[in-house]
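Accompanying notes for the structure given below.
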Amino acid sequence: MKADLKLVAILTLSLLPCFLYAEVEQALPVRFAELIKEENTVLVDVRSPEEAKAAHIKGSKLVNYYANTFREEIQKLPKTKKILLYCRSGNRSGKTASYLESLGFEQLVNQSGGINAWKREGLPVVEM
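Under the UniProt record's numbering, the sequence shown has 6 at position 6, and the numbering climbs by one with no breaks.
As C-alpha cells, this is what we get:
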C-alpha cells in the first residue's frame, strides 16, 4: 500500500512540470491565417532570406534560423504578444517554438506544414 502511494506521488510530481507550461498551439493554415488578423500578434518567418524572397506571408518578420545571431534576435520578440511562427515545413518553426517556450514565452503558435501547406491551401504569399 505504501509503495503504491509513493509511486502515485512520484508520478504526480514528475508530470507536474508538463502542466505548468503553456503548450505550443499547432495551427493548420486556415486557422493560422485567422490568427494573423488578430491584434497583439507577431508573425515570424524562421526561414533563410533566400527562401523568404521566393515567397513569404505578408507582414512577417524574418529571423533566419541558421544565422549566427538567431538566438539573440529571436529573444528580442515581445513576451506579451502572441508569436506566430512558420518555416518551410513546420520543423524549424516547431524547434523555435520549443526554444521560446523554454525562455518563458507563453503565447506561441506553430503553423503546421509551414509555407508549403499554406500555399497548398491557396492562401496568399508575397513573391519577389
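The beta carbon of each residue, even a glycine, is placed where N, CA and C say it ideally should be.
Would the beta-carbon of residue i fall within 8 Å of that of residue j?
| i | j | result |
| --- | --- | --- |
| alanine 27 | glutamine 111 | yes |
| proline 29 | alanine 117 | yes |
| isoleucine 83 | leucine 103 | no |
| valine 126 | phenylalanine 32 | no |
Can you tell which of the options has the C-alpha that lies nearest to the C-alpha of residue i?
| i | options | result |
| --- | --- | --- |
| lysine 81 | Leu123, Asn40, Met128, Glu25 | Asn40 |
| lysine 119 | Glu38, Ala54, Glu23 | Ala54 |
| cysteine 87 | Glu25, Val24, Leu43, Glu72 | Leu43 |
| proline 124 | Glu34, Ser93, Arg47, Pro78 | Glu34 |
| lysine 37 | Glu51, Gly59, Glu72 | Gly59 |
Could you name the residues of the same chain whose beta carbon sits closer than 7 Å to that of residue i, not counting the 5 residues immediately before and after it, in chain order?
| i | result |
| --- | --- |
| tyrosine 21 | Caution is warranted here: a pLDDT of 46 is assigned to tyrosine 21, below 50, making its placement in the model unreliable, and no coordinate value can be reported. |
| phenylalanine 105 | Lys79, Ile83 |
Between which two residues does the alpha helix (DSSP H) carrying residue i extend?
| i | result |
| --- | --- |
| threonine 96 | 91–102 |
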